[in-house]
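Colleague: Okay, handing you the structure first.
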Amino acid sequence: MDPGTERSQPAPDLDVATPDAGTADRQGRQVVMFGDGQVAELAHYYLVNDSPHDVVAFSVDRDRIKSPSFRGLPVVPFEDVAVQYTPDRYSMFVAVGYPRVNKIRQEKYTRAKAMGFELISYVSSKAIVWPSAEIGDNCLIMEGNIIQPYARIGNDVVMWSACHVGHHTVVKDHCFVSAHTVISGNVIVEENVFFGVNATIRNGVTIGREGVIGAGVVIMKDTAERAVYIAPEPRLMAFTSDRLPNL
Ligand SMILES: CC(C)(COP(=O)(O)OP(=O)(O)OC[C@H]1O[C@@H](n2cnc3c(N)ncnc32)[C@H](O)[C@@H]1OP(=O)(O)O)[C@@H](O)C(=O)NCCC(=O)NCCS
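Dropping the structure here:
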């Protein structure tokens, strides 16, 4: 609980759906995955092993194709993907990390939608998402996340493992939340924010659009648009571990 943090105005509206346990889509879909890097490799693993969906191909920009296949599946040019895999039969998932404060993923997400594709979301069966929480499309919600009642996650949000999203918090579109981030209750996270591992956000604050909240940073006040926070360097002591009497 975050006592005493009632917002004076209701949280802003988001165009999102209520997830089912295990995955945000009950019905299995044939999915073309955008990307051929480690995020795509992981997303493929999660979808194949922990969702009703089937991955049928990967897709990247034509001039970035390194190999005709990846993980045993064809790699098709993104420019032509809707010809071979028509949006009426296939869905997409854009599996890209956080470069350019999530804008590369956002751009591919927007193009896939413009081509007419439905974008599926993955929610790990090992995440705890209360039914009243809402999750948008093209989200990747990994194991151990806790999304409390009345929290809302927008579209195209990546949540790495074991994060906490408190009650009545809104995480808007195209954010990347690294492992073990704690976002307390009644927080508003504007679009395209990046959180490094173990970032901690106090209840009731607003994180400005395109902000970068570095690993281990503790935020206690509202942050400005595009603000960058870096945690202080740990102190290197002048003695070595063999000199510690209790270890
Ligand atoms: C905030 C963060 C993103 C910055 O990363 P970065 O751009 O690689 O920057 P670095 O950490 O290499 O460097 C920081 C230093 O460069 C400086 N710096 C970086 N960009 C700068 C710029 N454009 N202008 C001036 N100084 C700059 C910083 O002030 C800082 O200075 P210092 O050496 O005096 O401390 C990083 O600290 C961080 O927390 N990364 C998250 C890691 C993580 O959680 N990864 C998990 C992903 S799943």
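Residue numbers (my numbering): 31 to 277.
We treat Cβ as the ideally placed atom computed from N, Cα and C, and that holds for glycine.
#1: On the criterion of 16 or more Cβ atoms from any shown chain inside 10 Å, does R239 qualify as buried, or is it exposed?
#2: I'd like to know if the region 164-177 and the region 95-109 are in contact, where contact means that at least 3 CB-CB pairs between them fall below 8 Å.
#3: So the candidates are V113, S81, R94 and V131; which of them puts its Cα closest to the Cα of S208?
#4: Quick check on the DSSP output: the alpha helix (DSSP H) that includes V113 runs from which residue to which?
#5: Beta carbon of V242: closer than 6 Å to some heavy atom of ligand 1?
#6: From the DSSP output, which residues share a beta bridge with D103?
#7: Quick check on DSSP: helix, strand or coil for Q57?
#8: If V106 and S89 are in contact, beta carbons under 8 Å, what's the gap, nearest whole angstrom?
#9: Apart from the five residues just before and just after G146, which ones in its own chain have a Cβ nearer than 6 Å to its Cβ?
#10: So what does DSSP say about Y279, is it helix, strand or coil?
#11: Taking 8 Å as the cut-off, does the region 246-258 touch the region 229-238 (at least 3 CB pairs, one atom from each stretch)?
#12: Could you tell me the distance, in whole angstroms, from the CA atom of D55 to the CA atom of N276?
#13: Does the beta carbon of S208 fall short of 6 Å from some heavy atom of ligand 1?
#14: Which partner residues does E164 have in the DSSP bridge list?
#15: Can you find the residues in the same chain that come closer than 6 Å, C-beta to C-beta, to V258, ignoring five residues on each side of it along the sequence?
#16: For S154, which three-state DSSP category applies?
#17: Would the beta-carbon of G146 be found less than 6 Å away from any heavy atom of ligand 1?
#18: So, using beta-carbon positions, are V159 and Y139 closer together than 7 Å?
#19: So which of K156, S191 and F108 has the shortest CA-CA distance to A142?
#20: Should G174 be listed as close to ligand 1, given that the test is whether its C-beta is under 6 Å from any heavy atom?
#21: With 16 as the cutoff for other CB atoms within 10 Å, does G65 come out buried or exposed?
#22: In three-state terms, what does DSSP make of S121?
Modeller: Concretely, from the data shown:
#1: Translated into positions along the sequence shown, residue 239 becomes position 209. Flag for R239 reads buried.
#2: Cβ pair count under 8 Å is below three, so no.
#3: Position 178 of the sequence shown holds residue 208. Sorting V113, S81, R94 and V131 by C-alpha distance to the C-alpha of S208 places V131 at the top.
#4: What you label residue 113 is simply residue 83 of the sequence shown in a count that begins at 1. Run containing V113: V111 to Q114, per the alpha helix (DSSP H) assignment.
#5: Residue numbering aside, residue 242 sits at position 212 when the sequence shown is read from its first letter. Yes, since a heavy atom of ligand 1 falls inside the 6 Å radius drawn around the Cβ of V242.
#6: What you label residue 103 is simply residue 73 of the sequence shown in a count that begins at 1. With the sequence shown as reference, residue 103 is identified as Leu, and Asp is not the correct amino acid for it. Among the bridge pairs identified by DSSP, L103 is matched with F100.
#7: Mapped onto the sequence shown, residue 57 falls at position 27. It is coil, neither helix nor strand.
#8: On the sequence shown, residue 106 is found 76 positions in, with the first residue counted as 1. On the sequence shown, residue 89 is found 59 positions in, with the first residue counted as 1. So it is a contact: roughly 5 Å between Cβ atoms.
#9: Locating residue 146 in the sequence shown gives position 116, where the first residue counts as 1. P117.
#10: Because residue 279 is not part of the residues shown, which for the chain are 31 to 277, the question remains open.
#11: yes
#12: Within the sequence shown, residue 55 is the residue found at index 25, counting from 1. Within the sequence shown, residue 276 is the residue found at index 246, counting from 1. Bear in mind that a pLDDT of 47 at D55, under 50, signals an unreliable position, so the number given afterwards is only what the model happens to contain. Near 52 Å, if we compare the C-alpha coordinates of N276 and D55.
#13: Counting from one through the sequence shown, the residue named residue 208 turns up at place 178. Checking every heavy atom of ligand 1 against the Cβ of S208, one is found closer than 6 Å.
#14: Along the sequence shown, one-based indexing puts residue 164 at 134. Per DSSP, R182.
#15: The residue given as residue 258 occupies position 228 in the sequence shown. Result list for V258: V242, in chain order.
#16: By 1-based counting over the sequence shown, the position of residue 154 is 124. Looking at S154 - three-state DSSP - the assignment turns out to be coil, as it is neither helix nor strand.
#17: Here residue 146 refers to the residue found at position 116 when the sequence shown is read from its first residue. Answer for G146: no, Cβ out of range of ligand 1.
#18: In the sequence shown, residue 159 corresponds to position 129, counting from 1. In the sequence shown, residue 139 corresponds to position 109, counting from 1. No.
#19: Residue 142 sits at position 112 when you count from the first residue of the sequence shown. Ranking K156, S191 and F108 by Cα distance to A142 puts F108 first.
#20: For the purposes of this step, residue 174 is taken as residue 144 along the sequence shown, with counting starting at 1. False, no ligand heavy atom lies under 6 Å from that Cβ.
#21: What you label residue 65 is simply residue 35 of the sequence shown in a count that begins at 1. Under this definition G65 is a buried residue.
#22: Numbered from its first residue, the sequence shown carries residue 121 at position 91. DSSP places S121 in strand when its eight states are reduced to three.
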